[in-house]
Amino acid sequence: MSERVVVIGGGISGLASAALLARDGHSVDLVEAREDFGGRAGSWERDGFRFDTGPSWYLMPEVFDHFFRLLGTSAAAELDLEQLDPGYRVFFEGESRPLDIAADRQANVELFEQVEPGAGRALERYLDSAERTYDMAISRFLYTSFTSYRPFLARELLAQLHRLGPLLLESLERFTGRHFTDRRLRQVLGYPAVFLGSSPDRTPSMYHLMSALDLTGGVLYPQGGFTRLIDVMVRLARESGVRLHAETAATAIVTEPPGTGRRGSRGVRGRVSGTRARATGVRVRGRDGAERVLPADVVVSAADLHHTETTLLPQDLQTYPEAYWRKRTSGPGAVLVMLGVRGELPQLPHHSLFFTRDWDANFGAIRAGDVPDPASVYVCRPSATDPHVAPAGHENLFVLVPMPADPGLGGGGQDGGGDPTVEAIADAAIDQVGRWAGVPDLAERVVVRRTVGPADFARDLGAWRGGMLGPAHTLAQSAMFRTGNVSRRVKSLYYAGSSTIPGIGLPMCLISAEILLKRLRGDHSASPLAEPLVPTAGGPTAAGPVPAGAGDAWR
């Protein structure tokens, strides 16, 4: 049965959810408060420089390709992907020699052996375990809403329980410490925890699976940056029949009390009204300030879940009220620094990591709400790979400094015009990168500068606590313990995005859209959907693709 669906939020999970639901045959409207789509995956341009303002690592390429194939295309057809080699370079406090992580497993084994005798063979075993764990996660844990126990009773999974238990209960820090002695190697293997909004001592060792991605498969880059990825997502949503409404802010999820409306009616997933309040639409405010209601049989919020629950719903209909969030652990905040730099920077490859010697103190400071000094820093130089992100003879740098998730640190601005704390953090990071990478005049060569702080994440994205990523992947916030994708108080209200299952990161946001569709279909399986997507709702896309732009309300 075709239903009217309103999707809130035009980030990657909202665009993906809308595209899949429309391709499944539903009538879909997507509303986005900002002028541009993409959410955290935004962009900013000035004086010939173009910066991605969010995600910059293209990992889990098979997840992207699977999503595209559901929509009848492929990653190869949509994106010009380039292998980065080295995948990234790691600078260490007090060490003159950085380590280059290659795009080849054997090269990384040899590197580890050079640093620590015996570590090469240990890395082989570590990566074998990471690959097995990754395969298990893809086939059993990532593509499910945990609505049925049956997929977890499969013989091959039960045979792995002796491995799974310790991987959930032991921290990534202790796990890597049992295999490697050298601090630098342990940091290389522990840093993926930051991608998960956590720290190695708080992240289950199950997530050592992340090393199967960068140390074995390498890191890719889509030419045109992640702006190109968002452009593709917008186009695919439009071609699937989604009506896109930019500069249209959701102000409330409209509901009706139990026992009213379509009494006893059954729609997607066999829902029956009459037992709970039911979502009937979304109240929106357009660019002209006028408000109206978009009617809906199903509402999907791909906005920050804290914002959705505590701002768009009345208190008595909140599944996850403020009391719930006080008990949750946020991922870190960040200060972002976008720099246009005169001259070349061969000292920096596309991705670089700068690790402090005592990073336990670094992570501890962030958890305590303090500004770490020095901080561990990430730097992206996309102009090393993409000639279109900076003018000739210049470089594009994106610097990310993990910080406490605290809007009180302030917001950023252009050319040093942000709040004092944010600008001081940016100054320290620029100085640190220049000293550690051997670019002593880096600060003097900056011709364009913009900063973003936690207050900007809170104001512009509705991010809980001004966080950079979302709830951290601690044990209590991973897999079946992570916040679910359906409201328990409001019928026909569902969730997608990094706040909910399966979690943080662009690939996880794509998967969240797919498991949302599976939940609406009543599909309790744990595996990805078959490619291409076969519509089940009988709407217009069941008869074939919708012409580009049909029914489009973008602009």
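Each residue of the sequence shown is one higher than the one before, starting from 163 at the first, in the working numbering. Even for Gly, the Cβ is constructed at its ideal location relative to N, Cα and C.
Residue i - partner residues in DSSP beta bridges
i    : result
M500 : F560, R612
I592 : According to DSSP, which records beta bridges pairwise, I592 is partnered with nothing at all.
F517 : F254
G443 : V416, P457
D214 : S205
A411 : R447
M163 : According to DSSP, which records beta bridges pairwise, M163 is partnered with nothing at all.
R405 : D191
V539 : F516
V462 : V169, Y656
Q576 : R612
P366 : S333
G495 : M565
Closest residue to residue i among the options (Cα-Cα distance)
i    : options                : result
M670 : L304, F253, D227, A184 : L304
T295 : T306, F254, M368, G359 : M368
H550 : G380, R607, Q385       : Q385
I174 : E207, S360, G216       : G216
R212 : A496, R397, H556, V404 : H556
Q576 : V609, S545, M395       : V609
R611 : S661, D393, E332, W206 : W206
G526 : V444, P494, H370, G187 : P494
R651 : F254, E272, E471       : E471
A590 : E484, L331, L562       : L562
D548 : S179, F388, Q639, A299 : F388
L474 : N524, T417, I528, R400 : T417
V541 : H635, D450, Q594       : Q594
G200 : G187, D214, V190       : D214
I392 : L243, A178, E165, L351 : A178
Q349 : P366, E585, D520, D191 : D520
G352 : V394, G210, D522, A439 : D522
G646 : A675, P457, Q268       : A675
I663 : I673, E278, A203       : I673
P223 : V169, H686, E240       : E240
R267 : D209, Q276, L330, S373 : S373
R449 : Y482, H407, P476       : H407
Y288 : V277, T309, F342       : F342
L479 : G574, P602, K653       : K653
S649 : Y482, S689, G629       : Y482
S149 : G502, A688, E693, R447 : Only positions 163 to 717 of the chain appear in the structure, and residue 149 is not among them; the question remains open.
R390 : G204, R346, E257, M565 : G204
S291 : A625, R597, P328       : P328
G531 : P544, A299, S492       : S492
Element boundaries [alpha helix (DSSP H), containing residue i]
i    : result
Y288 : 281-298
G352 : 345-352
H341 : 334-341
R259 : Premise fails: R259 is in no alpha helix (DSSP H) and is neither H nor E.
E123 : The structure shown does not extend to residue 123, since the chain is modelled only from 163 through 717, so no value can be given for it.
H469 : 467-473
P476 : Looking at the DSSP string, P476 is not in any alpha helix (DSSP H), and its letter there is neither H nor E.
Y486 : 484-487
L232 : 223-232
E275 : 267-277
Residue range of the unbroken beta strand (DSSP E) whose run includes residue i
i    : result
P457 : 453-457
A180 : Element bounds for A180: not the beta strand (DSSP E) but the alpha helix (DSSP H), 174-185.
G387 : First-last for G387: 387-401, but that is the alpha helix (DSSP H), not the beta strand (DSSP E).
R166 : 166-170
W206 : 205-208
D191 : 189-193
A239 : Premise fails: A239 lies in the alpha helix (DSSP H), 237-240, not in any beta strand (DSSP E).
Y305 : Run containing Y305: none; DSSP gives neither H nor E here.
P384 : 381-384
Y311 : Taken as a continuous stretch (DSSP letters only), Y311 belongs to no beta strand (DSSP E), as it is neither H nor E.
L246 : 243-246
Contiguous beta strand (DSSP E) assignments of at least 3 residues, all confined to the segment 629-696
Listed in chain order, they are 655-657.
Kindly confirm or deny that the segment 224-231 and the segment 354-371 touch, where touching means at least three C-beta pairs closer than 8 Å.
No contact exists between the segment 224-231 and the segment 354-371.
Measuring CB atoms only, is the segment 189-200 touching the segment 242-262, in the sense that at least three cross pairs come out at less than 8 Å?
No, the segment 189-200 does not touch the segment 242-262.
Touch check for the segment 644-659 and the segment 457-474: three-plus C-beta pairs under 8 Å?
Contact holds: three or more Cβ-Cβ distances are below 8 Å.
Any chance the segment 612-625 sits against the segment 497-509, with 3 or more Cβ pairs inside 8 Å?
Yes: at least three Cβ pairs fall under 8 Å.
Between the segment 180-188 and the segment 675-683, do at least 3 Cβ pairs fall closer than 8 Å?
Yes, since at least three Cβ pairs between the segment 180-188 and the segment 675-683 fall closer than 8 Å, the two stretches touch.
Touch check for the segment 580-589 and the segment 234-243: three-plus C-beta pairs under 8 Å?
Verdict: no, contact absent.
Stretch-stretch touch, CB-based, cutoff 8 Å, three pairs: the segment 333-340 with the segment 263-280:
In short, these stretches do not touch, since the Cβ pair count stays below three.
At a cut of 8 Å, does the segment 400-420 reach the segment 436-456 through at least three beta carbon pairs?
These segments touch.
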